[in-house]
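*Asks:*
Protein chains in written order, with this note's numbering: chain A, 1 to 317; chain B, 1 to 317.
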């Protein structure tokens, strides 16, 4: 089985890691890069790094970003030198940012750099940035446009969001390795991981041509809800949904993916919205989606693939 | 007393620190930047950093570069990611390189950045790069041009040098803050610190206009020999002197500075070449020039200033 996973940060990375445990090199993860930004001269790709570190088994489980057992000498010297301290960069994390930034300046593509880094960290799955072009998320708050990391890290998601904008998306090209990486003659299962639908998955789907291409090449598409019993496990998804006038619920997320997905996975706490076979719209199943342990990730990945398999059989009938 | 010191790396930085202990903000140190290079995308200024760290009292006394009590997590991750490891960058050291590189890309001058960093580290003396323009030292070895750090760090000064070239020197402008920093109406004593005359001091003197300007504004110029009893205390000075056909001795260095200096300080081990008052050429005195402790630095600085004072009185007679 060939699997394509779409992922943003923490939640998405966890399910991607579960899938990677089962599939190894048969997994391709397409990652949101609209959160990328420049800080202290470094090109930083928060979602790519979270996915990379998580798949390499070296992510910091407490923070959801950065590396486990990190040290902070770089940061303490930045502070001493009067530099900006609102965005924390661990000593080993900086190595990745320095390598990537240097290679980008030498005209290497983000895809190629991501691939080199993945391999050096022993990752078997393929991690692909959604595009090699520059796309930048801005959120409109009180009529003002805030760059995403300003909103997310510096202002701790406190401002009220009225609009989300992906600057540069109109001219971005989907990652060209998507077509070379996948064997289009064999079945492709696409899993939309439990990442923020509006901030992490939408930018991927909004890359021109990406959504239609996914529908075309995927034999089955399954999404996993990041909203459980009306709340987000991590991050501002539920808060933003309320702010832009949506009810923060798994059902709203399911509706958001309408026309794209064949199946939808909700948490067992949202079992009430599951559907029976033959009902209109995507099939909805309830699973244990909260991943507390490494075993939880693999278990959820296994169940998602089994669900996709059942849907595939149905589609092929 | 206003003092202008010319310095390169370790030896020069030590005497500059001794002078700073005595003079505080009445000291201006002009530093060689021809060793500057780009590594991992960082703009690295080895001599500026050695002088800065030494004057801030945080230099690593064992290595002659970098910070004391440094940690190496950045470097170990660079290695894991397959990056270059021949040039060591400590975790806190990287903070300075990142800050500087980012500010340079944002069009701040090296002088302005150096000044900000100095102040944040509590340095009272003024540290000025010799120029804000790009000058790069290359050494010709076996007919091949090697960038200085390639020769110095990567190849550990092993190749035989036939020529030293300062690329870009013809169009470099002397640091414009030199004229604003010094009070040209008050006496100026210039001390050429015991740095490599050919690799560290020559680039400073070769900046167009610098040598003549120094002669013009200095009431007295004193140089301290980096060669003691035919050997360099640190670095390849003596080796290179032999390779380019010069006898590695304090006398050769004194001759090299002919026409520029009024006084020359040799180590007590070279007492035989001292001159008595009234002899032709620069006055030569012997002092304890090997600086093993913080007290040695201040003592040598004090003796050099006293020597300059005696020469000044003689000049004014």
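For each residue, glycine too, the CB sits at the ideal point set by N, CA and C.
Since we're looking at a predicted model, the values are computed, not measured.
(1) Can you tell me which of the three DSSP states residue 216/B falls into?
(2) Determine which residues of the stretch 31 to 45 of chain A have a Cβ less than 8 Å from any Cβ of chain B, and write them out in chain order.
(3) Closer than 9 Å, Cβ to any Cβ of chain B: which residues of the stretch 69 to 82 of chain A, in chain order?
(4) By how many angstroms is the C-alpha of residue 283/A removed from the C-alpha of residue 97/B?
(5) Counting pairs of Cβ atoms below 8 Å between the stretch 96 to 116 of chain B and the stretch 127 to 136 of chain B, do you hit three or more?
(6) State the DSSP-derived secondary structure class of residue 63/A, mapped to helix, strand or coil.
(7) Does residue 135/B come out as helix, strand or coil in the three-state DSSP assignment?
(8) Hey, how far is the Cα of residue 121/B from the Cα of residue 81/A?
(9) Under a CB-based cut-off of 8 Å, is residue 60/A close to chain B?
(10) Could you have a look at residue 162/A and say whether DSSP puts it in helix, strand or coil?
(11) With DSSP collapsed to three states, give me the class of residue 12/A.
(12) Does residue 36/A come out as helix, strand or coil in the three-state DSSP assignment?
(13) Return helix, strand or coil for residue 152/A, following the three-state DSSP convention.
(14) Please confirm whether residue 147/A has its beta-carbon closer than 8 Å to some beta-carbon of chain B.
(15) On a CA-only basis, which of 308/B, 102/B and 313/B is nearest residue 4/B? Give me that one, please.
(16) Short of 7 Å Cβ to Cβ, which residues in the stretch 91 to 105 of chain A face chain B?
(17) Tell me where the beta strand (DSSP E) around residue 110/A begins and ends.
(18) DSSP on residue 124/B, reduced to helix/strand/coil?
(19) Which stretch, first to last residue, makes up the alpha helix (DSSP H) that contains residue 47/B?
(20) Would you say residue 191/A faces chain E, with C-beta separation under 8 Å as the test?
(21) Distance, Cα to Cα, residue 101/A vs residue 295/B?
(22) What three-state label does DSSP hand residue 297/B in the structure shown?
(23) Can you tell me which of the three DSSP states residue 207/B falls into?
(24) Run through DSSP, which three-state label would residue 231/B get?
(25) List the residues of chain A whose Cβ lies closer than 8 Å to the Cβ of residue 117/B, in chain order.
(26) Can you find a C-beta in chain B that's less than 8 Å from the C-beta of residue 120/A?
(27) Run through DSSP, which three-state label would residue 314/A get?
(28) Quick check on the DSSP output: the beta strand (DSSP E) that includes residue 264/A runs from which residue to which?
(29) If you draw a straight line from the alpha carbon of residue 223/B to that of residue 7/B, how long is it in whole angstroms?
(30) I'd like to confirm the pairing. Which residues does DSSP put opposite residue 172/B in its beta bridges?
(31) Taking residue 180/A as part of the alpha helix (DSSP H), name the residues at either end of that continuous run.
(32) Below 8 Å on the Cβ atoms is my guess for residue 55/A versus residue 16/A; work out the distance and round it to an integer in Å.
*Replies:* According to the structure shown:
(1) Position 216 of the second chain, counting from 1, holds the residue named residue 216/B. Secondary structure at residue 216/B: helix, using DSSP grouped into helix, strand and coil.
(2) Within the stretch 31 to 45 of chain A, the residues whose Cβ lies closer than 8 Å to some Cβ of chain B are 40, 41 and 42, listed in chain order.
(3) Listed by position, the residues of the stretch 69 to 82 of chain A near chain B (Cβ gap below 9 Å) are 70, 71, 72, 73, 74, 75, 76, 77, 78, 79, 80, 81 and 82.
(4) Reading the second chain from its first residue, position 97 is the one you call residue 97/B. Reading the first chain from its first residue, position 283 is the one you call residue 283/A. Distance between the alpha carbons of residue 97/B and residue 283/A is about 54 Å.
(5) In short, these stretches touch, since the Cβ pair count reaches three.
(6) Residue mapping note: residue 63/A aligns to position 63 of the first chain, counting from 1. Coil.
(7) Sequence index remark: in the second chain, residue 135/B carries index 135 (1-based). In the three-state scheme derived from DSSP, where H, G and I count as helix and E and B as strand, residue 135/B is classed as coil.
(8) Here residue 121/B is taken as the residue at index 121 of the second chain, counted from 1. Here residue 81/A is taken as the residue at index 81 of the first chain, counted from 1. So the alpha carbons of these two residues sit roughly 7 Å apart.
(9) Here the question's residue 60/A lines up with position 60 in the first chain. Not a single CB atom of chain B sits nearer than 8 Å to the CB of residue 60/A.
(10) By 1-based counting over the first chain, the position of residue 162/A is 162. In this structure, DSSP gives residue 162/A an extended state, which the three-state scheme calls strand.
(11) Translated into the one-based positions of the first chain, residue 12/A becomes position 12. When secondary structure is reduced to three states using DSSP, residue 12/A falls in the helix class.
(12) Translated into the one-based positions of the first chain, residue 36/A becomes position 36. Residue 36/A: coil per DSSP, three-state reduction.
(13) Here the question's residue 152/A lines up with position 152 in the first chain. In this structure, residue 152/A counts as helix in the three-state DSSP scheme.
(14) On the first chain, residue 147/A is found 147 positions in, with the first residue counted as 1. When Cβ-Cβ separations below 8 Å define contact, residue 147/A makes no contact with chain B.
(15) Residue 4/B sits at position 4 when you count from the first residue of the second chain. Residue 308/B is the option with its Cα nearest to residue 4/B.
(16) Flagged, chain order: 91, 92, 94, 95, 96, 98, 99, 101, 102 and 105.
(17) For the purposes of this step, residue 110/A is taken as the residue at position 110 of the first chain. Counting along the chain, residue 110/A falls outside any beta strand (DSSP E), though it belongs to the alpha helix (DSSP H) covering 110 to 120.
(18) Mapped onto the second chain, residue 124/B falls at position 124. In the structure shown, residue 124/B adopts coil according to DSSP, grouped into three states.
(19) Position 47 of the second chain, counted from the start, is the residue given in the question as residue 47/B. First-last of the alpha helix (DSSP H) with residue 47/B: 46 to 55.
(20) No chain E is present in this structure, whose protein chains are A and B.
(21) Taking the first residue of the first chain as position 1, residue 101/A is located at position 101. Taking the first residue of the second chain as position 1, residue 295/B is located at position 295. Put simply, the backbone Cα of residue 101/A is about 44 Å away from that of residue 295/B.
(22) Position 297 of the second chain, counted from the start, is the residue given in the question as residue 297/B. Helix.
(23) Indexing the second chain from 1 puts residue 207/B at position 207. Assignment of residue 207/B by DSSP, reduced to helix, strand and coil, places it in the coil class.
(24) Locating residue 231/B in the second chain gives position 231, counting from the first residue. Note: residue 231/B maps to strand in three-state DSSP.
(25) Within the second chain, the letter at position 117 stands for residue 117/B. The answer, in chain order, is 81.
(26) What you label residue 120/A is simply residue 120 of the first chain in a count that begins at 1. Yes, contact with chain B.
(27) Locating residue 314/A in the first chain gives position 314, where the first residue counts as 1. When DSSP states are grouped into helix, strand and coil, residue 314/A belongs to the helix group.
(28) Translated into the one-based positions of the first chain, residue 264/A becomes position 264. First-last of the beta strand (DSSP E) with residue 264/A: 263 to 267.
(29) Stepping through the second chain from its first residue, residue 223/B is reached at position 223. Stepping through the second chain from its first residue, residue 7/B is reached at position 7. The alpha-carbon atoms of residue 223/B and residue 7/B are separated by roughly 11 Å.
(30) Position 172 of the second chain, counting from 1, holds the residue named residue 172/B. Answer is none; residue 172/B lacks a bridge partner.
(31) For this step, residue 180/A is matched to residue 180 along the first chain. Annotation for residue 180/A: the continuous alpha helix (DSSP H) segment containing it runs 177 to 181.
(32) Along the first chain, one-based indexing puts residue 55/A at 55. Along the first chain, one-based indexing puts residue 16/A at 16. Cβ atoms of residue 55/A and residue 16/A come within 8 Å of each other, at about 6 Å.
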